[in-house]
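*Asks:* Okay, handing you the structure first.
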Amino acid sequence: MPKFEHIKKILVIGSGPIIIGQAAEFDYAGAQACLALKEEGIEVVLVNNNPATIMTDEEVADKIYMEPLTVASLEAIIAKERPDGILPTLGGQTGLNLAVELADAGIIERYNVRLLGTPLDTIKKGEDREEFKRMMIEIGEPVPESKTVNTVQEALDFAEEIDYPVIVRPAYTLGGYGGGIAGDAAELQEVAKRGIAASPIEQILIERSVKGWKEIEYEVMRDSNDTCIIVCNMENLDPVGVHTGDSIVVAPSQTLTDRQYQMLRSVSTKVIRALGVVGGCNIQIALDPYSEQYYLIEVNPRVSRSSALASKATGYPIARISAKLAIGYHLDEVVNPITGYTYASFEPAIDYIVTKIPRWPFDKFPQANRSLGTQMKATGEVMSLDRNFEASLLKGIRSLEIGVHHLQLELNLTDEELAEGIVEATDTRIFLVAEAMRRGMTVEQIHAKTEIDPFFLYSIEKIVQIEKQLASYSWATVPEELLKEAKLRGFADVTLKEMYQISLDDVRNRWKQLGWAPSYKLVDTCAAEFVAATPYYYSTWQGRDEVKVSEGKKKVLVLGSGPIRIGQGIEFDYCSVHAAKSLKRLGIEAVVINNNPETVSTDFNTADQLYFEPLALEDVLNVVEKEQVDGVMVQFGGQTAVNLADPLSQMGVQIYGTSVSSIDMVEDRDLFYQLLKKLDIPHIPGISVNSEQEAINAAVKLEYPVLVRPSYVIGGRGMVVLNNTEELVSYLQETTFSFPLLVDKYISGMEVEVDAICDGEQVLVPGIFQHVERAGVHSGDSMAIFPAPSLNELQKATITRYTEDIAREIKAKGLINIQLVIAGERIYVLEVNPRASRTVPIISKITGVPMVELAVKAQLGQKLESTGLLADIPFFAVKGPVFSTVKLSGVDPALGPEMKSTGEVIGLSYQIQTALGKALHWKEGICQPLETGDALFISLSDGAKEEMKGKLSALSGLKILATPGTAAYLQQHGLAVEAVLTKAAQVKEWHQTTEIKAILNTPTVGNKQGRFGFELRQVAVQLNIPCFTSLDTFQSYLQVKAGNVSDPLDLNVYLQQKERVQI
Amino acid sequence: MKGYIVLSTGDIFEGELFGDQRGCSGELVFNTGMTGYQEVLTDPSYAGQIVTFTYPLIGNYGVNMLDDESIRPVCTGLVVGNLCQTPSHYQSNNTLSEIAEQYGLSGIAGVDTRAITHIIREHGLVFGKITTDPSELVPTKPATGQVAAVSTKTKTKHSGEGPHIVMFDFGYKKSILTALLDKGCAVTVVPYNTNFKEVAELNPDGIMLTNGPGDPKEMLPHLPELKKIIEAYPTFAICLGHQIVALAYGADTDRLPYGHRGSNHPVKNLKTGKVYMTSQNHGYMVKESSINTKYLEVSYINVNDKSVEGLTHRYLPISTVQFHPEAHPGPSDTDPLFTEFIQQCQAIGEKNYA
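Right, here's the structure in full:
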């Protein structure tokens, strides 16, 4: 059936900012789908307030609304645009929820918009456990039996009926609090009692536990003609019990017979048919390892993280095809662009094994609870491909960038601790398993403790065996056959280097002597059955190479940014993608290396040649040698890529842009200070210290407060502001970082940020961002306003001059990011990043200056045409951070020098308050503006009390609750206090009767568990009450008036109002 | 032991031998299924062939008692990437290499099966030899007489309450028999060369022509007798059976460039427009232009290459499919075709008895 002729304009809902559980995969899917619609001649109207996305690029959608994802905002857009259809299945949970809310509010009907893709009641069935269960029972498919009970006896009776183990889930508690698993009646007595007590309505759900079963996923597509295909299936290495987003996952399944594979395939098609999904659907199934019994666990009737993974794992573009199906096409009418020959109704056959490993933020949050369960905690993931599992796994580990390149962590554990440690799933369990094998535990013993399928354990055992064999030789005596086996099974050159205490050159030279190099194989969806033209490759150390290396054309390698983590997010993928596209436009061949399956940069048509490989030195070098690239661009892939500049350059690879020695000049503290001194630019006084005593002396010399941090870290990891020696000593005792540390004077002033492009001489500054929070809050976590509203012309000129001087002095070529703080008359330079930054995509979008393209040209030697600071845009853009703290128990949401946010949103308006409001109230149910009579809880530190003086009138008309000290202070200044609360629990109680709209809590010493403030902030997270820990953010919030929502505008309208400099 | 797979194209791949170390030779084909190696190696249609698995991890779940498609491995040899010697599955009884050894099947592991697939795709007909001596010549004569070799010599009756189906064994997969028995049929498996009179004596309600190995034209001498039989009873034909029916009505068959072997082939029902995922294993196809449309019409086509995937007789209850509705390995999307056939047998049976 051809496409629907009556659908000419479609509203696409994006997923908004990156949060845990909803990452870059929706940008990848959304961008692909929008382009698929546009090529059908459909006008695409997009709503997405995540500015760091490719999806919100001009060429992806016809109209781009970077507006809040609220019902009011969507209604205004629908009223204005009058789309024929709305496609919510590309926007993750956010998109689906919004579609449901729009339908419930009658808006879809009122404006006669057709909901495309998946029917509304299917969305609801997928989301509502009870509805889902009912439907499965209707079609005769098993779901784990469950029953809601109110007493321990009822729990015991039901458990008797369904058999142990059972899961106890208390009703209405967050994150599964108070629940657990009971293996027998005695345990259930305990757990049920505890669960009933934890539930505010004294109710628990008893459910059959399938913990330890195999967790299998199917990615299914269905069209309106009822044709169903499986894109691929996947098997979780971690059995049921760990969220699939937190599991190591392989594709295709490895331990299922064809009978089982087909049984679950049939179940999946039956379920998608019953749901009536048109498009893609993810189906999760638990399979008993010892019988053919299975249970359906979950369905996601939309594109998802798993579908992005399945797309990248097979080459089948699920989002693109889903979009085509949504407008009426059938699977057998859509050509698979990877082969250009087969149709979308062909089930991909793959001839390699894919491993996905999650990337967790525990390196940034050492206080967080590292155990993995039903709540996803990973911020990103890596994917690796090879022709055996061992190599696929080891490559994945190398891609994680967690400081290890082998299945080996430095562990200080006794055998008993180790045996204990592997029982619970954590981010390090896979390493512990390998270590347990090194110490002699058998596959059977480990299987008994972990329930990980022996197939996977045997593979890990194989890795350990190869290690042992290698270790029995010296580099001179190790036999060729063994080295070959090690490389075939994915051992890194670095692993050999360390094992034999030799240099990386020694290792690589030996391969050259032997004539060994990795072969690159094609990802083609069809296991080589048909010719495929798509240049999408992975390496393997066996067999024939398939890459036809082009010659004659200039060729540049762009390094991607790897997995999404706090401090290095989707913005760098945006930059990598634009770099590749710019190169292509310039007639240069763009080669990209990346390993993040969620991204646009790893889409099959972004680069001329895509290598799905770890971003480790050896893997990059192999591609450089294979492709014979002219040079490498390192500015776009975040710190990951910048860190490779020096080692690559030492290996003789040309690095485009700012030179390695210049990078050093701004990254090495001492060189940096010398540079600033030479340019007569003030910098914050600071001292590098090597011992506790030195640190104390330095702090005394600089005068408290001081900022302490390790050198060379991303995202302010381990950075703190300390007010006295006591705090300093306690920090030094607790920190996991080793000396040298940097001690800086902490200067509390207004922070501003500049992103500029330099061609080695001239500099273009598209604008200046002003942070809402004063210095001391990580730039990634602060709200920021563009153009800077508080700067005077002199300050702007000084900032521009500093930027120009620094850029010129280091002969910067390409992008440069400078952070400054203004304290009184002085403007200090805080740091210089010789690379793309978080704000580059935002500035590019709101100013219309194609920053990445200009940077690419500058790196290739072209001169900038316009220079200097550009005139201010006539509207305001506010960048707001978005946190995922609710998913990470134990993490303090208080703002500080260490970055904690996972994503960002943007608010656009001609009025600054409205723009602030859109960045704060960016989604339904988040941070609504205060109205007269709303309740507010306040707890201020002494310093904050001082500062609040004179600004207290803004609080009048609100119902104020406060801690005793704060209450006394407020009353003293003439404000009525409704109640005085001393315990966090009281806040909870209050909230149940009178909704507390916001909490203001300025912390004294952050991160101390057990303190009132810490507890209070945890309660805020649990109850989803906005909690302000900075007076600056709070004051901005107070400025936002309820109902003050401006007319939503297409980004192009904002941009058209001002004639920008022709770039 | 170190060994080689030598190709008729001159390519040589080194690997590790398993199973019967004496080696073997035959036509080299590839199967793209990601599961189902046990079903493949016991499928009689692979008689005379060396099967390359494009999926590189083979043997992961071992070999069990349930999934054999015939009583023993039938293909000539196996080429695999990574052979798993430590399988993990609750049903597994043996490793794949144990089975290969037990039944004298030659295999080679540690080979770049993707490269071999490439070569087959480019050359079409390729022969291979698994050997310890890479200088040996590869015989390039296609095996003949495979149907006679694999077909049963005796009649075997399986009882059931439903219609009685006489199943011509050209090298049948056990799953075809199972599909019929599971749906209540009584089935008599007969040798491929059973004549009309013998069939009539069995008093069947329907005829099943099964899959089998080799060039369908080897069956030319048997066509007149077979045509008589299928015109007398409701008939369902699979794979080689489908090609035989086409030949019986004057159509021509030809070699596919490099075969359809895998579990992911989409076919379209031309009447309903519905698309199904099917399991396939055939090196020959019915030439569409040669079909006598006076008698036969095309019922299914392959979505990718548009080749003929099924036929129906315009007047008689004869239907055929090139793919494998019995699955094993592969999806069972088209399993309802058996039910349709059985209903047809019943309906006609009732008419006859009415």
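Chains A and B, in that order, give the protein sequences.
So in my numbering the end of the first sequence lands on 1114, straight run, no missing numbers.
So in my numbering the end of the second sequence lands on 621, straight run, no missing numbers.
Note that beta-carbon positions come from the ideal geometry of N, C-alpha and C, so glycine has one too.
Under 8 angstroms, with one C-beta from each stretch per pair, do the stretch 954-962 of chain A and the stretch 122-139 of chain A reach the 3-pair mark?
*Replies:* Too few Cβ pairs lie closer than 8 angstroms, so no.
*Asks:* Does the stretch 940-957 of chain A come close enough to the stretch 840-853 of chain A that 3 or more CB-CB pairs lie under 8 angstroms?
*Replies:* Result no; under three Cβ-Cβ pairs closer than 8 angstroms.
*Asks:* Identify, in the order they occur along the chain, each residue of the same chain with its Cβ nearer than 8 angstroms to the Cβ of L672(A), setting aside the five sequence neighbours on each side.
*Replies:* Correct list, in chain order: R559, L699, M702 and V704.
*Asks:* Spatial neighbours of L534(A) within its chain, please: C-beta separation below 6 angstroms, excluding the five flanking residues on both sides.
*Replies:* Excluding residues within five positions, none has a Cβ falling inside 6 angstroms.
*Asks:* Does the CB of G1057(A) have a neighbour CB from chain B at under 8 angstroms?
*Replies:* Confidence at G1057(A) is low in this model, with a pLDDT of 44, below 50, so the placement of that residue is unreliable and no value is reported for it.
*Asks:* For T228(B), does the three-state DSSP call read helix, strand or coil?
*Replies:* Nothing about residue 228(B) can be read from this structure; chain B reaches only from 268 to 621.
*Asks:* Can you give me the Cβ contacts of E555(B) inside the same chain, cut-off strictly under 6 angstroms, excluding the 5 residues immediately before and after it?
*Replies:* Correct list, in chain order: V575.
*Asks:* Quick check on M52(A): does DSSP put it in helix, strand or coil?
*Replies:* Legend: pLDDT at M52(A) = 49, less than 50; position of this residue unreliable, no value from coordinates given.
*Asks:* Note down the Cα distance separating Q1113(A) from L1106(A), rounded to an integer number of angstroms.
*Replies:* Confidence is the limiting factor: at Q1113(A) the pLDDT is only 48, short of 50, which leaves the residue's position unreliable and the question unanswerable from this model.
*Asks:* Who are the neighbours of N460(B) on chain A, taking C-beta pairs under 9 angstroms?
*Replies:* In chain order: nothing, as chain A lies at least about 32 angstroms away.
*Asks:* Kindly list, in the order they appear in chain B, the residues whose Cβ is closer than 9 angstroms to that of P102(A).
*Replies:* Under the 9 angstroms cutoff, chain B gives no residues; its nearest Cβ is about 41 angstroms from P102(A).
*Asks:* On the DSSP bridge list, what partners appear for V1116(A)?
*Replies:* Nothing can be reported for residue 1116(A), as the shown portion of chain A is limited to 52 through 1114.
*Asks:* Cα-Cα, which of F507(A), I511(A) and T1080(A) is closest to G947(A)?
*Replies:* Closest by alpha carbon: T1080(A).
*Asks:* L167(A) and I378(A) look like a contact to me (Cβ under 8 angstroms); what is the Cβ gap, rounded to whole Å?
*Replies:* L167(A) to I378(A), Cβ: 7 angstroms. Contact.
*Asks:* Please name the residue or residues paired with F608(B) in a DSSP beta bridge.
*Replies:* Paired residue(s): none; F608(B) is not in a bridge.
*Asks:* In the DSSP assignment, find the unbroken beta strand (DSSP E) run with N287(A) in it and report its ends.
*Replies:* Residues C279 to N287.
*Asks:* Identify, in the order they occur along the chain, each residue of the same chain with its Cβ nearer than 6 angstroms to the Cβ of D478(A), setting aside the five sequence neighbours on each side.
*Replies:* Only W411, F413 and R421 meet the Cβ criterion.
*Asks:* Verify the CB distance criterion: does Y328(B) have a CB-CB separation below 8 angstroms to chain A?
*Replies:* At least one chain A Cβ lies under 8 angstroms of Y328(B).
*Asks:* Can you tell me the Cα-Cα spacing of P399(A) and T320(A), whole angstroms?
*Replies:* Those two C-alpha atoms are separated by around 16 angstroms.
*Asks:* Would you call the stretch 490-505 of chain A in contact with the stretch 526-533 of chain A, where contact means no fewer than 3 C-beta pairs closer than 8 angstroms?
*Replies:* Flag = no, the stretch 490-505 of chain A and the stretch 526-533 of chain A do not touch.
*Asks:* Please confirm whether A400(A) has its beta-carbon closer than 8 angstroms to some beta-carbon of chain B.
*Replies:* Cβ-Cβ to chain B under 8 angstroms: yes for A400(A).
*Asks:* Mind checking the stretch 319-347 of chain B against chain A and listing, in chain order, the residues whose C-beta falls within less than 8 angstroms of any C-beta there?
*Replies:* For the stretch 319-347 of chain B, which is checked against every Cβ of chain A, the residues closer than 8 angstroms are T321, Y322, P323, L324, N327, Y328, N331, L333 and D334.
*Asks:* Under 8 angstroms by Cβ, that's how I've got M801(A) and S841(A) pegged, so tell me the actual separation to the nearest angstrom.
*Replies:* The pair is a contact, with the Cβ atoms about 7 angstroms apart (cut-off 8 angstroms).
*Asks:* Grab me the residues of N1058(A)'s own chain with a C-beta within less than 6 angstroms of its C-beta, minus the 5 sequence neighbours each way, in chain order.
*Replies:* The pLDDT assigned to N1058(A) is 46, lower than 50, so where the model puts this residue is not dependable, and the model offers no usable value.
*Asks:* Return the chain-ordered list of same chain residues with a C-beta closer than 7 angstroms to the C-beta of S742(A), the five sequence neighbours on each side being excluded.
*Replies:* Counting only Cβ-Cβ distances below 7 angstroms, and skipping sequence neighbours, we find F790.
*Asks:* By DSSP, does K606(A) sit in helix, in strand, or in coil?
*Replies:* Of the three classes helix, strand and coil, the one that applies to K606(A) here is strand, per DSSP.
*Asks:* Answer yes or no: does any C-beta atom of chain A fall closer than 8 angstroms to that of R522(B)?
*Replies:* Judged by the 8 angstroms Cβ criterion, R522(B) is not in contact with chain A.
*Asks:* Measure the alpha-carbon distance for A621(B) versus Q611(B) and round it to whole angstroms.
*Replies:* In this predicted model, A621(B) has a pLDDT of only 48, less than 50, meaning its place in the structure is not dependable enough to derive any value.
*Asks:* To test your reading of the DSSP string, which unbroken beta strand (DSSP E) runs of 3 or more residues are found completely within the stretch 647-697 of chain A?
*Replies:* The stretch 647-697 of chain A contains these whole beta strand (DSSP E) runs: 660-663 and 682-684.
*Asks:* For chain B, is any of its Cβ atoms less than 8 angstroms away from the one on P586(A)?
*Replies:* For P586(A), the answer is no, since every Cβ of chain B falls outside 8 angstroms of its Cβ.
*Asks:* Looking at A75(A) and E649(A), is the spacing between their C-beta atoms short of 8 angstroms?
*Replies:* In this structure, A75(A) lies closer than 8 angstroms to E649(A) by Cβ.
*Asks:* From the beta carbon of T384(B), is the nearest beta carbon of chain A less than 8 angstroms away?
*Replies:* Yes, contact with chain A.
*Asks:* If you draw a straight line from the alpha carbon of V956(A) to that of G931(A), how long is it in whole angstroms?
*Replies:* For V956(A) and G931(A), the distance between alpha carbons rounds to 5 angstroms.
*Asks:* In the structure shown, what three-state DSSP assignment does D557(A) receive?
*Replies:* Three-state result, D557(A): helix.
*Asks:* From V512(B) to V417(B), what does the alpha carbon distance come to, in whole angstroms?
*Replies:* Roughly 20 angstroms separates the two Cα atoms.
*Asks:* List, in chain order, every chain B residue whose beta-carbon is nearer than 9 angstroms to that of G23(A).
*Replies:* With chain A covering only 52 through 1114, there is no way to say anything about residue 23(A).
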